[in-house]
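With the first letter of the sequence shown counted as 1, position 237 gets the number 237 in UniProt numbering; the numbers rise by one all the way through.
This report refers to the structure that appears directly beneath it.
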Amino acid sequence: MRIGLLTGGGDVPGLNAVIRAVVKHAMGTYGHTIVGFRGGWRGVVDGNVVQLGRQDIRNVLPVGGTLLGTDRYHPHRNEGGLEAVVATLEAERIDAVICVGGDGTLHAASKVAETGVKVVGIPKTIDNDVEGTDLSVGFHTAVNVATEAIDRLHTTAESHNRVMVVEVMGRHAGWIAVNAGIAGGAEIVLAPEEPFDIEQVVKTIAHRHRAHASFSIVVVAEGAVGREGTALGAAAELGPQGQIVAGSASERVAAEIASRTGFDTRVTILGHVQRGGSPTPTDRILGSRFGVAAVDALQEGRTDVMTALHGERVVLVPLEEIAGKVKTVPADLLRAAKVLA
Ligand code: F6P
């Protein structure tokens, strides 16, 4: 079999573990050929191919990013995109495609599958918001990075009697904010799932500083918004790819806290630091397991599915069931973050 392999959307630590597992297992166990596409779905459209072999995957487990490169291009949203994908796959005599991506790239995968191409998806995103799987590759590393940052901010916040507002990634779901907030002992966690009331945030901080502390840590997911009708009720301005271009949530929250309490307040936006660096063992293992499961799925003739973690087990779920959906943080996890504040 000639298997096409691509990584699309934002990069995450752990992608190279996926690539390594696919190449090793497909070639070593079954004798298949792996054709890599550089730069996600755009690489397929452009016919930007590279044959992958053992030499390409040597010592890549600890390396962040993706050796195949990535891109946010979606063929179904561009005229002639799907036709160009099919044409390249035919020209390269590709039997099936393994597509590693977040919600956007996997949605594109489901559209490509509708044209008759055999596709297996693998979920990756630091946001952990892909529907149908308990975990996506990259999330664990991002929570580690964010937690370490919160730990570091604690000491400087306490020394200077400051309110530290930390912005973490998460446009549609607050998985990083809630998990790193709990792990780092944040006083307040603001997530997109529960629009916040800035009056309440200010009251909580003022009360805490009067009663027993002189500093606070506020974790804000980039997609957090104020409750409708309250100050900060309007969402930040978004760019063409959904990125926040003006008025980041954390800056607006910090400005309100500073002006209403008079406390010395600082903002730290962690940004792409959360996507860089070496993957944790958990992400290396998850990526490796998903890579093996994707190859096995193709071997068994299962296509148009995504590998997923359900509890301790890796299973396959239909791509069409998860495409276009966002997995949000459940109420009990949001509650834990709130009551522990
Ligand atoms: O891929 C998910 C993500 O990391 C989001 O959390 C973040 O909002 C976005 O990507 C940033 O995108 P870009 O790398 O294109 O700036």
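Yeah, the Cβ is synthetic: ideal placement off N, Cα and C, and Gly gets one too.
Checklist entry - Would you say the beta carbon of Met169 comes nearer than 6 Å to a heavy atom of the ligand F6P? => result yes
Next on the checklist: Just to confirm the assignment: which complete alpha helix (DSSP H) runs, minimum length 4, are found wholly within the stretch 24-98?
Outcome noted: 40-46, 81-91
Item to check | Collapsed DSSP secondary structure at Phe263 in the structure displayed | outcome: coil
Checklist entry - Between the beta-carbon of Thr7 and the beta-carbon of Thr88, is there less than 7 Å? => result no
Next on the checklist: Helix, strand or coil for Val117? Go by DSSP, reduced to three states.
Outcome noted: coil
Checklist entry - Got a sec, what are the start and stop residues for the beta strand (DSSP E) Pro318 sits in? => result 313-318
Item to check | Beta-bridge pairing of Phe196 - partner residues as DSSP gives them | outcome: Gly226
Checklist entry - Distance, Cα to Cα, Thr133 vs Arg210? => result 43 Å
Item to check | Selected residue, minimal CA-CA separation from Asn128, among Gly121, Ile122, Ser136 | outcome: Ser136
Checklist entry - Nearest to Val85 by alpha carbon, out of Gly64, Asp332, Val119? => result Val119
Next on the checklist: Can you confirm whether the stretch 178-194 touches the stretch 219-228 when touching is taken to mean that 3 or more C-beta pairs between the two stretches lie within less than 8 Å?
Outcome noted: yes
Checklist entry - Cα separation between Glu92 and Gly14? => result 27 Å
Next on the checklist: When you compare the stretch 252-272 with the stretch 203-217, are there three or more beta-carbon pairs, one atom per stretch, that lie closer than 8 Å?
Outcome noted: yes
Item to check | Bounding residues of the alpha helix (DSSP H) (the contiguous stretch that carries Thr307) | outcome: Note, Thr307: premise wrong, no alpha helix (DSSP H); beta strand (DSSP E) at 305-310.
Checklist entry - Taking the Cβ atom as the reference point for each residue, do Ile34 and Leu52 lie within a distance shorter than 7 Å? => result yes
Next on the checklist: To the nearest angstrom, how far is the alpha carbon of Leu311 from that of Val130?
Outcome noted: The residue asked about is misnamed: residue 311 is Gly in this sequence, not Leu. Rounded to the nearest angstrom, the two C-alpha atoms are 15 Å apart.
Checklist entry - Between Ala10 and the ligand F6P, is the CB less than 6 Å from at least one heavy atom? => result The identity of residue 10 in the sequence shown is Gly, whereas the question assumes Ala. True, at least one ligand heavy atom lies under 6 Å from that Cβ.
Checklist entry - Is the distance from the Cβ of residue 380 to the Cβ of Ala294 below 7 Å? => result Not covered by the structure: residue 380. The range shown for the chain is 1 to 341.
Next on the checklist: Between which two residues does the beta strand (DSSP E) holding Val220 run?
Outcome noted: 216-221
Item to check | C-beta atoms of Ala108 and His74 nearer than 7 Å | outcome: yes
Item to check | 8 Å contact criterion, which Ile217 and Ala180 should meet: CB distance rounded | outcome: So it is not a contact: roughly 10 Å between Cβ atoms.
Item to check | Cα-Cα separation between Val315 and Ala308, rounded to whole angstroms | outcome: 5 Å
Checklist entry - Are the stretch 138-150 and the stretch 266-280 touching, with three or more C-beta to C-beta distances below 8 Å? => result yes
Checklist entry - Is there at least one non-hydrogen atom of the ligand F6P closer than 6 Å to the beta-carbon of Asp127? => result yes
Item to check | Identity of the residues DSSP links to Ile205 by a beta bridge | outcome: According to DSSP, which records beta bridges pairwise, Ile205 is partnered with nothing at all.
Next on the checklist: Quick check: the Cα distance between Arg2 and Val317, rounded to an integer number of angstroms?
Outcome noted: 23 Å
Checklist entry - Which residues does DSSP pair with Thr105 in a beta bridge? => result Per DSSP, none; premise fails for Thr105.
Next on the checklist: Between which residues of its own chain and Val63 is the CB-CB distance below 8 Å, once the five residues before and five after are set aside?
Outcome noted: Asn16, Ser278
Next on the checklist: Taking 7 Å as the threshold (C-beta atoms), are Ser248 and Val165 in contact?
Outcome noted: no
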